[in-house]
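The listed protein sequences correspond, in order, to chains Z and C. Position one of the first sequence corresponds to residue 2 (the working numbering), numbered consecutively onward. Position one of the second sequence corresponds to residue 2 (the working numbering), numbered consecutively onward. Glycine included, each C-beta is placed from N, C-alpha and C at the ideal position.
There are 2 protein chains.
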Amino acid sequence: MKRRNTPTKEAVLSVITKAGQAMSQDAIEGEISIDINRATIYRVLNRFCEDGVLHKVIAEDGKQYFALCDGCDETHQMHQHFHFKCTVCETLECLPNEVNFSIPNGYHVENVNCVLTGVCKKCS
Amino acid sequence: MKRRNTPTKEAVLSVITKAGQAMSQDAIEGEISIDINRATIYRVLNRFCEDGVLHKVIAEDGKQYFALCDGCDETHQMHQHFHFKCTVCETLECLPNEVNFSIPNGYHVENVNCVLTGVCKKCS
DNA sequence: ATAATATTGCAATGTTGTTGCAATAAATTA
DNA sequence: TAATTTATTGCAACAACATTGCAATATTAT
Ligand SMILES: [Mn+2]
Ligand SMILES: [Mn+2]
Ligand SMILES: [Zn+2]
Ligand SMILES: [Zn+2]
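Structure below.
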């Protein structure tokens with residue numbers, strides 16, 4: 002399953018990179034110049050997640066947001082940082098703050114999803 | 002909008018209380034003895050949330066889980082604790098661990114949704 | 001008992017995300 | 001360059017979860 006380079010992949014990654022924040026599928030489709038099918042966008046995004054290019058965040062609206070990874074690869078995924086979702090401008094951004102937790106014995110944590118919701122700096 | 006007591010409300014709250022953990026709509030419908038409409042269950046649950054009886058958690062599957070509140074009322078809602086969702090038994094529980102975070106100046110946090118996903122003690 | 005209105009059931013609708021399959025296009029090989 | 005392989009895409013259908021409008025019902029107050 003070797004990856005291939007396509008205009009679609011480049012366009013999707015370009016939009017997310019320019020935005021500088023996490024984006025949902027519909028936001029990406031809205032910002033992208035070329036016309037790409039909804040299902041294709043999801044498949045591209047999920048493949049990027051598998052490859053450690055993006056990571057997925059579930060916000061309080063239950064939607065998936067995709068953000069650029071910083072220092073991840075297929076094996077090492079460190080996404081233990083907080084995210085902030087603004088209820089006004091609807092954007093979701095990665096915060097630098099690390100998530101610290103300690104869980105009871107016997108529990109195995111495989112994934113962390115921490116989202117703070119409120120009003121961002123720009124919208125205050 | 003004064004609340005009224007109904008068998009439906011009592012049944013829903015009873016199921017969640019007995020379970021001792023957060024539950025989704027379909028889990029509640031599965032455990033409940035009487036037959037209650039799906040939409041009604043959601044309305045009952047959301048009203049409980051408004052009244053500070055329950056709180057809502059969004060898990061990594063994007064689904065809503067409802068858990069008993071401990072020390073909440075309509076005005077003071079302190080749900081800044083972690084939650085753990087087991088991928089094996091599919092249960093979601095409130096952890097005692099408090100969520101500590103500090104955010105950049107100008108940001109206003111109104112809600113916290115922190116879910117750790119993995120394998121719980123029982124399923125390990 | 002009557003009146004007011006909160007609650008419910010039902011069906012329809014909305015939203016988000018996934019999947020099967022045939023067509024297309026990127027990468028490899030000859 | 002031309003042929004081959006197969007990853008990628010578009011389309012349509014499907015699935016899961018949640019919400020909404022409206023008429024019927026049940027609870028509470030008078
Ligand atoms: Mn992030
Ligand atoms: Mn909780
Ligand atoms: Zn904002
Ligand atoms: Zn478990």
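Looking at residue i and ligand 1, is the gap between the Cβ and the nearest heavy atom below 7 angstroms?
| i | result |
| --- | --- |
| C115 of chain Z | no |
Nearer than 7 angstroms: is that true of the beta carbon of residue i relative to any heavy atom of ligand 4?
| i | result |
| --- | --- |
| K57 of chain Z | no |
| V110 of chain Z | no |
| C95 of chain C | no |
| C1 of chain Z | Outside the shown range of chain Z (2 to 125) lies residue 1 of chain Z, about which nothing can therefore be said. |
Which of the three DSSP states is assigned to residue i in this structure?
| i | result |
| --- | --- |
| Q81 of chain C | coil |
| I59 of chain Z | strand |
| G119 of chain Z | strand |
| Y43 of chain Z | helix |
| K19 of chain C | helix |
| V110 of chain C | strand |
| F102 of chain C | coil |
| E91 of chain Z | coil |
| K86 of chain C | strand |
Confirm, please, whether the CB-CB distance from residue j to residue i is below 8 angstroms.
| i | j | result |
| --- | --- | --- |
| C95 of chain Z | A23 of chain Z | yes |
| Q65 of chain C | S25 of chain C | yes |
| V54 of chain Z | V13 of chain Z | no |
| N98 of chain Z | F102 of chain C | yes |
| F67 of chain C | I17 of chain C | yes |
| C70 of chain C | T92 of chain C | no |
Return yes when at least one heavy atom of ligand 3 lies under 7 angstroms from the C-beta of residue i, else no.
| i | result |
| --- | --- |
| T92 of chain Z | yes |
| V126 of chain Z | In the structure as shown, chain Z starts at 2 and stops at 125, and residue 126 of chain Z therefore has no counterpart that could be examined. |
| C124 of chain Z | yes |
| V89 of chain Z | yes |
Just confirm the distance between the C-beta atoms of residue i and residue j, as a whole number of angstroms; I'd bet it's less than 8 angstroms.
| i | j | result |
| --- | --- | --- |
| Y108 of chain Z | G119 of chain C | 6 angstroms |
| I37 of chain Z | T9 of chain Z | 5 angstroms |
| G21 of chain C | G63 of chain Z | No, G21 of chain C and G63 of chain Z are not in contact; Cβ-Cβ is about 25 angstroms, not under 8 angstroms. |
| C124 of chain Z | V89 of chain Z | 4 angstroms |
Report whether the distance from the Cβ of residue i to the nearest heavy atom of ligand 2 is below 7 angstroms.
| i | result |
| --- | --- |
| A68 of chain C | yes |
| H84 of chain Z | no |
| H80 of chain Z | no |
Mind the definition here: the region 78 to 91 of chain Z touches the region 29 to 45 of chain Z only if three or more C-beta pairs lie below 8 angstroms; say whether that holds. no
Inter-stretch contact (C-beta, 8 angstroms, three-pair minimum) for the region 54 to 72 of chain Z and the region 101 to 117 of chain Z: yes
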